Amino acid sequence: MAVSGQSIRFCGPTSAGPGGGSFDALNRVLADLCTRGNPKEGASLALKKHLEEEARDLSGEAFSRFMDQLYDRISSFLESSDVAENLGALRAIDELIDVAFGENSSKVSKFANYIRTVFESSGPSSQSGGAMTADEVERQIKIALGWLRGDRVEYRRFAAVLILKEMAENASTVFNVHVPEFVDAIWVALRDPMLPIRERAVEALRACLGVIEKRETRWRVQWYYRMFEATQDGLGKNASVHSIHGSLLAVGELLRNTGEFMMSRYREVAEIVLRYLEHRDRLVRLSITSLLPRIAHFLRDRFVTNYLTICMNHILAVLRIPAERSSGFVALGEMAGALDGELVHYLPTITSHLRDAIAPRRGRPSLEALACVGNIAKAMGPAMEPHVRGLLDVMFSAGLSPTLVEALEQITTSIPSLLPTIQDRLLDCISVVLSKSHHPQGRSAVGMGRGNLMNMPQQVSDLSGSALVQLALQTLARFNFKGHDLLEFARESVVVYLDDDDGAVRKDAALCCCRLVANSFSGVQYASGRSNRGKRRRLVEEIVEKLLIEAVADADVIVRHSIFSSLHGNRGFDDFLAQADSLSAVFAALNDEDFDVREFAISVAGRLSEKNPAYVLPALRRHLIQLLTYLGQSADTKCREESAKLLGCLIRNCERLILPYIAPIHKALVARLIDGTSVNANNGIISGVLVTVGDLARVGGFAMRRYIPELMPLIVDALLDGAAVTKREVAVATLGQVVQSTGYVITPYNEYPLLLGLLLKLLNGELAWSTRREVLKVLGIMGALDPHVHKRNQQSLPGPHGDVTRNASESGQHIQSVDELPMDLWPSFATSEDYYSTVAINSLMRILRDPSLATYHLKVVGSLMFIFKSMGLGCVPYLPKVLPDLFHIVRTCDDALKDFITWKLGILVSIVRQHVRKYLQELLILISELWSTFSFPVAGRPQLGYPVLHLVEQLCLALNDEFRTYLPAILPCCIQVLSDAERYNDYTYVLDIFRTLEVFGGTLDEHMHLLLPALIRLFKVDASVEIRRAAIKTLTKLIPRVQVTGHISSLVHHLKLGLRWVCFLFPWL
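Residue numbers for the sequence shown, in UniProt numbering: 1 to 1069.
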């Protein structure tokens, strides 16, 4: 039965937007974003997730209404007088900019209209919108420059420098026109009394200098000169502190970004710096300290000759001032990087200051001092070794911290001789952290002494608990521990954290295990004897087994994603993953609820087909069939889109599986592309299918040539869709792959005369440069066209190929009567015992065909069914004359009669049983039409739906296993009912759907992958206990009759959640 996507969906309430439950959820998500401080953790991700769910569950038109309501809410927040709501709107816009819904151009245009007075999110918008945003960028730049020139209003100046910075970084082409105006106006903000305005202004100046540097222009030197003169004006005799500070910040940016221009002015800059070394204002002194390394880096030799001594004396003096010591260490590290080995003579003094700062007698250790050790070691190299060796004790005494780890990485890179010592000390430190909770006896595998670590009281950072454990795991994973066999340590001290309550800890533990196992694959690790190799292999197998358990069973999708990402990225795991037990876990992940995890699982499984084809290929073949089923029959648009992408992933990663199945895959893809030519097509699905078509062409090669007549009109149709930019970009790439793989060159220009002009037009559009390169590639692949032939093709337009869209085929079918004799002749042909029944049926049918007697139709249908029930199978000869009229009446009558006739048709099916086969096609079409009347109860409308389910149940019981053939057309309808019940928080029909599913029983075996997700979601929704209990009971009845082995992972996750819910509600159980 051909069931359209619209006919099997719930219509839902007829209101202007999505259901109340969905809109309430949106309000909750937006409320979490509306706060003056930092929003709740994950609030932005919650908005994105909610949008993805709406896009998956709503039809195109309903989703458009939902987005309109969301945009209205954002607009109202921006217009509100409440700052929290303004910030909430900005956070929502910032998240929506990168969400792949709709076209960027329309989305950015809408956002630009919303945020006329709020600008921090404008930068990403201007970057993603393309050429159509140029006017809006121009407008915002002019407004910002006007605010800088106008009267001093703090919030306007602050907003202006933020706008100008974002526009310079994200819309440099438009900004470049306004550089002269910017050069004159920015000094107002650089000399503003407010420190935050000056700091943001120098960021805008930095962005502007970046724009100037990228463009060769004769005005560049003039602009640099004007900027330098402005800094001189700001450093005059009577200049204020904020003017001096802003000018010094600008001098730093000029040194960093103007190249050779500042060389001739180097002496002037140096004299300025020296003049302010002892300035009375602390902010100026800090600026001078941070400026010294830049001056040293700009002209190193000249600095060493003339200014090194005085500047180093200044920095060492700063180190003695507690309030300014931090800036001194930062400057010292940068100075070492600029001068390389010129600080050798200062190392003893510097080391003394570092020791005092890292292990002070009073106060907290200095993080800047720790970082300074690493920077100096990086700059000085082996010359720093004795000094660093003397500092290691105090560095480790401060405890594990990100700054310490970074410094140690720099030291081991620059001074390799210290690597073994630092490895041992750092392993001890990590062992202490990891063993506190799980292994008080310490690190047995490594066996390093920790006597000098156990009595260290000071901690440099506030890290503790999970955060400290995470840092230890991350350090163990990324630090260079080459030469140490850490597999046993991983098993004893890291694997235990895979069961930690904190998902972030579990993720880091999993990544750490993956990295340590991957490191063990090196030749050094396996260079020892056979017994050691066997031991290591057993350790790896044990750790990989634990990782796979987490990859399938962990409730946190981030953990599962991280593990599969690591397994996918390292082929060294393949020998272990190709074992039967490991493959079972990989196959279970093929049905993970997260798309990315499924994609990684397919990629890994496809790669493993080379190692163990006998075990892998059958499973992937089943999954291929499952994906084709999803693509062709799922009512969930998001599911169809993901299935298309996963099918492409499978094609790319397991070519040997795909080659025998090119024909059915092509058929399924073409069917979806044909659906994409309709008005309400989902562009996400079409884009995914087009990508998969390109992958199939690459794998199929010349074998795809015979499908060109079907594919090309659909690809050209996608190229013509100017309203869907993303789909057009994908179509260009797909066209190139198809042409290149099949050798279909030159001919496309002749068969599709509009194609060449269309491709050339795309080069002049506002598509991304990557897409334009793809267009050029396609033009090169298809080859050169004779200009005369091209001219002739153009003259043929419009021609038979001018319209590349496919005409919709007629789908209506008519049941032909098997008996052409008129009804009135029946009595003379009837046997004596059926004579009276024949007369009665004849009379009742005359009334049923008369529209003027419609008030009697309900009683007529009741009487007919009473007669058929009394006749049993004897009523079969009358069906050809009765059923066509019943089918006609049920389509034209009112709801009450339609309800009644549908129920009676179910009774009739139960009477005639297998003899209903002849009318199955018409019955299924009727079910499809009646299903569209399913809706949640609204005021003034009776409840419908139960008779349709009754009819479906009776068909299943009548046909038994033969019903499997027709289940793919009916099951998506049932699944949609469950999904929409959850969405609108109305479970009117859910219990009846459960009963229908139980009647289907074993016929569902091949379709459990479609049904299980909908059933499982009902375990966790805010439904009544009755609904949850019924869902579990239905699943319990189905499991013995169907195969659910491949879905154990998903079932276990949600049944565990259900048990937690029961324990929470009924703790006494």
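We treat Cβ as the ideally placed atom computed from N, Cα and C, and that holds for glycine. No experiment lies behind these values; they were computed from the predicted model shown.
- Taken in chain order, no unbroken stretch of beta strand (DSSP E) lies wholly in the stretch 640-706 with a span of 3 residues or more.
- Where Y155 is concerned, the enclosing alpha helix (DSSP H) starts and stops at E154 to N170.
- When the beta-carbon positions are compared, L164 and A134 stay at least 9 Å from each other.
- In this structure, S240 places its C-beta atom within 9 Å of the C-beta atom of P193.
- For L468, the CB contacts under 6 Å within the same chain, skipping 5 residues up- and downstream, are V433 in chain order.
- In the DSSP annotation of this structure, D834 is not part of any alpha helix (DSSP H), being labelled neither H nor E.
- Boundaries for Q914: no alpha helix (DSSP H) harbours it, and the DSSP string shows neither H nor E there.
- Burial is judged here by how many other beta carbons sit within 10 angstroms of a residue's own beta carbon; T855 has fewer than 16 and is exposed.
- Around the beta carbon of P709, a 10 Å sphere encloses fewer than 16 other beta carbons of the protein chains shown; the residue is thus reported as exposed.
- The Cβ-Cβ distance between A477 and D508 falls below 9 Å.
- If you draw a straight line from the Cα of S81 to the Cα of V29, it comes to about 20 Å.
- DSSP, read as helix, strand or coil, puts L400 in coil.
- With respect to the 9 Å criterion, S327 and L367 are not classified as neighbours on the basis of their beta carbons.
- A25 and S1050 have their C-alpha atoms roughly 25 Å apart.
- Of the candidates A510, L951, N960 and D885, N960 places its Cα closest to the Cα of Q914.
- The Cβ atoms of L391 and V373 sit closer than 9 Å to each other.
- Note on geometry: alpha-carbon atoms of E953 and I975 lie some 15 Å from one another.
- Two segments are said to touch when three or more pairs of C-beta atoms, one from each, lie closer than 8 Å; by this definition the stretch 629-640 does not touch the stretch 602-621.
- Exclusion of the five residues before and after V977 leaves Y989 and I993 as the residues of its chain whose Cβ lies within less than 6 Å of its Cβ.
- Between the alpha carbons of R846 and W903 lies a distance of about 22 Å.
- Between F866 and L971, the alpha-carbon positions lie close to 31 Å from each other.
- CA-CA distance, F182 to R265, rounds to 23 Å.
- DSSP, read as helix, strand or coil, puts N38 in coil.
- Distance between A578 and V597, taken at the CA atoms: about 18 Å.
- Within the stretch 725-791, the complete alpha helix (DSSP H) segments at least 4 residues long are 725-742, 747-751, 754-763 and 769-782, listed from N- to C-terminus.
- If you draw a straight line from the Cα of A46 to the Cα of A377, it comes to about 44 Å.
- Contact holds between the stretch 412-423 and the stretch 380-400, because three or more Cβ pairs, one in each stretch, are under 8 Å apart.
- In the DSSP assignment, H242 falls within the alpha helix (DSSP H) that extends over V241 to N257.
- Rounded to whole angstroms, T173 and A619 show a C-alpha spacing of 53 Å.
- Taking a C-beta distance under 9 Å as the contact criterion, L760 and A718 do not qualify as a contact pair.
- Scanning V861, R983, K859 and C875 for the CA closest to the CA of Y836 turns up C875.
- Residues of the same chain with a CB within less than 7 Å of the CB of R425, apart from the 5 flanking positions on each side, are L392 and F396 in chain order.
- Counting along the chain, C875 sits inside no alpha helix (DSSP H), nor does DSSP assign it H or E at all.
- In the pairwise beta carbon analysis, the stretch 272-285 is classified as touching the stretch 310-330: at least three pairs are separated by under 8 Å.
- Around A580, the same chain offers Y615 as residues with beta carbons nearer than 7 Å, after the five sequence neighbours per side are excluded.
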